[in-house]
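Under the UniProt record's numbering, the first residue of the sequence shown is numbered 1, with each subsequent residue one higher.
From the three backbone atoms N, C-alpha and C, an ideal C-beta is built for every residue, glycine too.
Quick caveat, the model's predicted, so the values are computed rather than measured.
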Amino acid sequence: MTSLLEELLSCCSASQKIQLPWLIINSLFAIATQILKYLLKFVTHTSSLTFFFLFIVNLLDSRTVMGDLGWIAYPKNGWEEIGEVDENYAPIHTYQVCKVMEQNQNNWLLTSWISNQGASRIFIELKFTLRDCNSLPGGLGTCKETFNMYYFESDDEDGRNIRENQYIKIDTIAADESFTELDLGDRVMKLNTEVRDVGPLTKKGFYLAFQDVGACIALVSVRVYYKKCPSVVRNLARFPDTITGADSSQLLEVSGVCVNHSVTDEAPKMHCSAEGEWLVPIGKCLCKAGYEEKNNTCQVCRPGFFKASPHSPSCSKCPPHSYTLDEASTSCLCEEHYFRRESDPPTMACTRPPSAPRSAISNVNETSVFLEWIPPADTGGRKDVSYYIACKKCNSHSVNGVSDQNPGARQFVSVNVTTNQAAPSPVSSVKKGKITKNSISLSWQEPDRPNGIILEYEIKYFEKDQETSYTIIKSKETMITADGLKPGSAYVFQIRARTAAGYGGFSRRFEFETSPVSVAASSDQSQIPIIVVSVTVGVILLAVVIGFLLSGRRCGYSKAKQDPEEEKMHFHNGHIKLPGVRTYIDPHTYEDPNQAVHEFAKEIEASCITIERVIGAGEFGEVCSGRLKLQGKREFPVAIKTLKVGYTEKQRRDFLGEASIMGQFDHPNIIHLEGVVTKSKPVMIVTEYMENGSLDTFLKKNDGQFTVIQLVGMLRGIASGMKYLSDMGYVHRDLAARNILINSNLVCKVSDFGLSRVLEDDPEAAYTTRGGKIPIRWTAPEAIAFRKFTSASDVWSYGIVMWEVMSYGERPYWEMTNQDVIKAVEEGYRLPSPMDCPAALYQLMLDCWQKDRNSRPKFDEIVSMLDKLIRNPSSLKTLVNASSRVSNLLVEHSPVGSGAYRSVGEWLEAIKMGRYTEIFMENGYSSMDAVAQVTLEDLRRLGVTLVGHQKKIMNSLQEMKVQLVNGMVPL
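Here you go:
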């Protein structure tokens, strides 16, 4: 600093060429030293705040180096190191240069080698003072008020002797505040602080260099650092120190490790931001069975307490009549003479077998025996009491859920009865009647031993080798016709008779085959369209030629003036466009996909976008929420899709292809494209932000919380958006609730226009053909079989979306496999009506699912129909009858019915009410028979207080009873 002041003061003399004597300069040394001490004291105190942030790691801080810095100045008479001490007697290193009176200055200062410690982006903080050139006497023409900063990467310390042109320039540094001669007189120093960043770095270390080209500078301190997200424990997972990424907008995904007796199915994750902050925690660890979370650690369950699952909130006291003497228990043992079933949850109390049934009586009616008794006086503490009747030994006994644990405790009561009639014998012979390509007629004789009056016959038939999918017909006659069959296919038939004693056994299998399709007839039929088309084309060509000749004669072959009202046809990139009509243009038809992007999407500067948090992940990268600030507009929220690092050119084309499609649409029910970022990295697609996310997830979270009118309003918005797309000639191909976004005002908007994306994580979700992947559960039959995608196939998908909305996000066709779905739909089966669905809406779904695509409604008709329903809410009060809801789906795939489930838990999971499983089991409802007796009052007593949940459970129970009455579910 003294050398700098010497030069500065020497420049203040009357003549620029006369230097002050060294004696005077030395006398000013004390003044300069005091100024520097106060200045550095101020710098140290004001800048030390940054050290409280744990995410900054210093690589170099020139103020803290005790000895010589070891920096090199070139030439040697340029930059000069001045060593001083502060008020704490700590060494201070400053470098100064002030060659303002000499031409062509090129003074370099090189640091020693700095290890980057694995960081790929580093920051350089400079603190310096600079003299105002205008304050110099005579206004030196060669004086500068800037200097330059450079860097050079190297894996070792041998890179110091490289040439100047090998250094990479970081920036030209200018001062915000410069000082003058007056400031020196008042002992006021104006300190500047500038921060620059460099990245990505690819080698182990680097050198910094400072170039002076003729300024008066004092470099007070240089601090080099990088940022990191510090090691932290969150949600029982430890996340390690993580150095931030090389990109200022990059979020690094980091997996955590479960600690202290905690476990997880999938490693928890957080994202390390460029500023060294942990953001967006995903997932968590849970204390394993036998441990509970307290004070962010997992503590062992004490004796007498247990925790059966990591998902249980805390250790629980052993239920009645059970105990444990050990720490970390996952269950409790039953006391002597008390039992628990294997299927009972560990939270359930241990109970005893029941006492015997009381006062058993019988009533015999030729073919039937009616037994009555009073329930046991003591049920053993459980409500799931059932009764076994062993007719062979004429003994009856009662059991409850734990009786099998102690068979000797079953309670018997004997009732002696006699019957005198048996069921009919099987039908012995079946004759075929008329057979066509789609039907088979059969007749048969009465069984040899009817054993009473035949009340009806039951005929079971199925396509050969497809026994799991069969059809039942009931007839009071000895003949039937089975229609709706496939041409040229073999079918197996079995028949049994029923009397008052019940059904007899099925007959043996009889196999018959439908007629094949006539090849000749098919050929003849196929020729008809060709002949019609040929004749039509010929007539049109003839009319055109005649019209042209007549026109030529009338106009004298002169160039006619064009009628201003005549409709013009324009060609755009190979597409015909009519004036006033917006037509969708496939971006894949462009030779250069970038041309399509820039034609249909607005380019946005990356500096206008602020990324706030990760909200999801797409095929190509992360999906974030953030804010967009455009010139002249207010900042507003947006969604940002980013293209991941290391992408291929094809991935970039496919990623931006969605923007090329989206940019052509402008409708309130279509997701709006704000623009794209293609001129910097990461490449981004920016759209409007939809607060409530995807429709399917939103509905599942708010099950039963909306009125029918609100749901119809959502459907109306989706239909309106699809009408717009259809009018433009765009076929979506993947219309599903997961691809509808919903905002805070419950406005639904169609989204997801990427054509080559992965449809779902579930490999079972798409049926793969040579043309690509198809979402089977949402796709029309002709699109699956022949890849015929049209607006009519989108209408089919819309019907599935209607079903998803009215069932609050239920999975279409539940757990049926894709092949089962294809087969069932082909055979005419359709999804049953959702619970509490208005009949008018379900009829519209069935219309959308017409096999003939030409019979399906158009989207403008759907919008008109929904508008009528909204204007007339009373039309939505008529609901679909419960008995007809389940009759349209294959029985073996029915989602409801007590015979379809092996446990109460399985039933509750199927209707999305699994959260209540433990409550049901704890209160003795551990079998489907016990559950069938539940009333609305019982539900309220159990703690099921949400009206939507009450309705869902009670409707499911009602359907069970309807199915049992109709014989759809076997007892």
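N-terminal and C-terminal residue of the alpha helix (DSSP H) that residue i is part of
i, result
"E810", "Taken as a continuous stretch (DSSP letters only), E810 belongs to no alpha helix (DSSP H), as it is neither H nor E."
"F786", "781–786"
"H598", "593–600"
"Q651", "649–662"
"F698", "695–701"
"Q211", "It is not in any alpha helix (DSSP H) - Q211 instead sits in the beta strand (DSSP E) that spans 205–212."
"T917", "917–922"
"S726", "708–728"
"Q299", "Segment 297–300 is the beta strand (DSSP E) holding Q299; no alpha helix (DSSP H) there."
"A840", "839–848"
"L939", "936–942"
"V863", "859–871"
Nearest to residue i (by Cα), restricted to the options the options
i, options, result
"H321", "V863, N296, T351, E342", "T351"
"V427", "I440, N451, D404", "N451"
"V399", "R341, V708, T64, L286", "R341"
"Y491", "K476, R449, A501, S441", "S441"
"R498", "D156, N438, L455", "L455"
"residue 974", "L208, I784, K294, H588", "Given a span of 1 to 971 for the chain in the structure shown, any question on residue 974 remains unanswerable."
"G83", "S273, Y95, A73", "Y95"
"S355", "E335, T347, M348, P376", "P376"
"I671", "A659, P682, K679", "A659"
"R373", "P357, G381, R382, T379", "Per the sequence shown, residue 373 should be read as Trp rather than Arg. Ranking P357, G381, R382, T379 by Cα distance to W373 puts P357 first."
"C748", "Q595, G924, G721, M728", "G721"
Classification of residue i by the beta-carbon crowding that lies within 10 angstroms, buried from 16 upward
i, result
"E959", "buried"
"G245", "buried"
"Y388", "exposed"
"M479", "exposed"
"I953", "buried"
"H337", "exposed"
"residue 1013", "With the chain covering 1 to 971 only, the question about residue 1013 has no answer from this structure."
"G717", "buried"
"M149", "buried"
"M66", "exposed"
"V645", "exposed"
"L866", "buried"
"H572", "With a pLDDT of 41 at H572, under the threshold of 50, the modelled position of that residue is not reliable, and no figure is offered here."
"A617", "exposed"
"N104", "exposed"
Same chain only: Cβ atoms within 7 Å of residue i, ignoring 5 sequence neighbours per side
i, result
"A328", "G290, Y291, V300, C301"
"E177", "K190, N192"
"Q664", "Y584, I585, F600"
"T945", "none"
"F698", "N692, I742"
Cβ distance (whole Å) where residue i is taken to contact residue j below 8 Å
i, j, result
"P834", "S807", "4 Å"
"I114", "L59", "5 Å"
"P310", "K288", "5 Å"
Residue span of the beta strand (DSSP E) that contains residue i, given as start and end
i, result
"T816", "The question names Thr, but residue 816 in the sequence shown is Met. No beta strand (DSSP E) contains M816, which DSSP labels as neither H nor E."
"Q96", "91–98"
"V683", "V683 -> no beta strand (DSSP E), and no H or E assigned at all."
"G626", "622–628"
"D929", "Careful: D929 lies outside any beta strand (DSSP E), inside the alpha helix (DSSP H) at 928–931."
"K912", "No beta strand (DSSP E) contains K912, which DSSP labels as neither H nor E."
"R613", "609–617"
"Q494", "490–499"
"T642", "636–642"
"R234", "232–234"
"D197", "192–198"
"T481", "479–482"
Own chain partners of residue i with C-beta closer than 6 Å, once the 5 adjacent residues on each side are dropped
i, result
"R653", "P593"
"K284", "N235, P268"
"I800", "W778, P812"
"P240", "S231"
8 Å CB neighbourhood of residue i in its chain, flanking five on each side removed
i, result
"L279", "L251, M270, H271, C272, S273, R613, V614"
"S314", "E292, E293, K307"
"M802", "L715, L841, L844, M845, C848"
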